[in-house]
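Here's the structure, in structure tokens; my notes come after.
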Amino acid sequence: MTDTRSICLLTLFAWLILSAASPEAVAAANGAFLQGVVGAGSFDADSLSFRLLPAESGKKEDLSTMPFIGFIGQHLFAGDRTQLGVEGGILFGWRSRSTSAVIASNQTVVKIDSSLWLLDLSAGVCLNQRLGSRWRLYLAAGPAMVFGEYDADEDVIAMEGAVDPAAAPAVRNGSESEFGVGGYARAGLEYEFAPLSLVGFSVRGLATNMEFDNTVDSSRVRGVQAFITFTRNFGQW
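Okay, here's the thing in structure tokens:
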């Protein structure tokens, strides 16, 4: 809750800056950036560590770190070296793992293939600051919506010499889908290595109210993402 409120306050602060811009700073659109991003996210471990069946295995699957790819667009419509604007983005993250556990009570082996994907949609306000002729620093914050789905395929195999091999089920499947809303804040630095083409990095914080039922802890999903950015400028800069 605290993280969500902090990001919402950052969003409100950005809107206040935008509203306070002087009439002289308001001009026609002079910047439109499209970013391709590649990176990784690390979330609260207990919120994305899933219990594995059967319960007597005592196993859990930690899917709290994962790669991300996506696109983010920025439209700057006020300012000169310091520019104000809006942005929107779509990010996709995924993680899969395979685990095996031996259940001593009935001498069976459980093989679990689990996977998790997250779809992150966001929109917010941004502040762009030119540093010299080739560098830019930007900040952004706003609301976010996150969709997630967890799948687990469990193959239970009786070991040779099991007391009751017939008691072991062949396959068990399970899935869970969740949706959450929250907010994000991010900052980045980029360098123009060729005309209208930039490369850099970005760090992003995300907090949502999304909770999965089958996790070790039903805490809300929140974490930090880091990206390498490849950006094309489609406007004047």
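Under my numbering, the sequence shown is numbered contiguously, ending at residue 301.
We treat Cβ as the ideally placed atom computed from N, Cα and C, and that holds for glycine.
| task | Could you check what DSSP says for residue 191 in three-state terms: helix, strand or coil? | result | It is a strand residue.
| message | When you compare the CB positions of residue 129 and residue 103, do they come within less than 8 Å of one another, or not? | response | Going by C-beta atoms, residue 129 is not nearer than 8 Å to residue 103.
| task | State the DSSP-derived secondary structure class of residue 111, mapped to helix, strand or coil. | result | The answer is helix: DSSP assigns residue 111 an H, G or I state.
| task | Compute the distance between the beta-carbons of residue 293 and residue 284, then report whether it is under 8 Å. | result | No. Outside cutoff.
| From residue 109 to residue 127, what distance separates their C-alpha atoms? | Roughly 8 Å separates the two Cα atoms.
| message | For residue 130, report the span of its beta strand (DSSP E) as first-last. | response | Looking at the DSSP string, the run of the beta strand (DSSP E) that includes residue 130 is 129 to 143.
| query | How would you call residue 189, buried or exposed, if buried means at least 16 neighbouring beta carbons within 10 angstroms? | reply | Buried, by the Cβ-count rule.
| field | Alpha-carbon to alpha-carbon, residue 278 and residue 181 | value | Distance between the alpha carbons of residue 181 and residue 278: 15 Å.
| So what's residue 207 in DSSP terms, helix, strand or just coil? | Strand, per DSSP.
| Proximal residues to residue 179 (C-beta, below 6 Å), its chain only, five neighbours per side dropped | Around residue 179: 160 and 215.
| query | Quick one, are the C-beta atoms of residue 299 and residue 96 less than 8 Å apart? | reply | For the pair residue 299 and residue 96, the CB atoms are nearer than the 8 Å cut-off.
| said: So, at 6 Å on beta carbons, what are the nonlocal neighbours of residue 256 in its own chain, with the 5 sequence-adjacent residues on each side left out? | reply: Non-local C-beta neighbours of residue 256 in its own chain, meaning closer than 6 Å and more than five positions away in sequence, comprise 198 and 262, ordered along the chain.
| In angstroms, rounded to a whole number, what distance separates the CA positions of residue 208 and residue 149? | Whole-angstrom Cα-Cα distance: 17 Å.
| message | In the DSSP assignment, the beta strand (DSSP E) including residue 28 goes from what residue to what residue? | response | An answer regarding residue 28 cannot be provided, because it is not within the stretch 65 to 301 covered by the chain.
| message | Given this structure, state the Cα-to-Cα distance separating residue 162 from residue 133, to the nearest angstrom. | response | Distance between the alpha carbons of residue 162 and residue 133: 23 Å.
| field | Close beta carbons around residue 100, own chain, < 7 Å, minus the five adjacent residues each side | value | In its chain, beyond the 5 residues on either side, 135 and 294 have a beta carbon closer than 7 Å to the beta carbon of residue 100.
| Rounded straight-line distance, which links the Cα of residue 270 to that of residue 245 | A direct Cα-to-Cα measurement between residue 245 and residue 270 gives close to 10 Å.
| task | Would you decide whether residue 196 is buried or exposed? Buried here means 16 or more other CB atoms lie within 10 Å of its CB. | result | Exposed, since its Cβ has fewer than 16 Cβ neighbours within 10 Å.
| message | Can you give me the C-alpha to C-alpha distance between residue 157 and residue 139, rounded to a whole angstrom? | response | Roughly 25 Å separates the two Cα atoms.
| field | Identity of the residues DSSP links to residue 150 by a beta bridge | value | Paired residue(s): 139 and 189.
| request: Could you give the DSSP three-state label for residue 177: helix, strand or coil? | output: Secondary structure at residue 177: strand, using DSSP grouped into helix, strand and coil.
| Between the C-alpha atoms of residue 254 and residue 185, what's the straight-line distance to the nearest angstrom? | Distance between the alpha carbons of residue 254 and residue 185 is about 22 Å.
| message | Rounding to the nearest angstrom, what Cα-Cα distance links residue 288 and residue 175 in this structure? | response | Each residue's alpha carbon lies about 31 Å from the other.
| said: Using a Cβ-Cβ cutoff of less than 6 Å, which residues in the same chain neighbour residue 241 once the five nearest sequence positions on both sides are dropped? | reply: Answer for residue 241: 213, listed in chain order.
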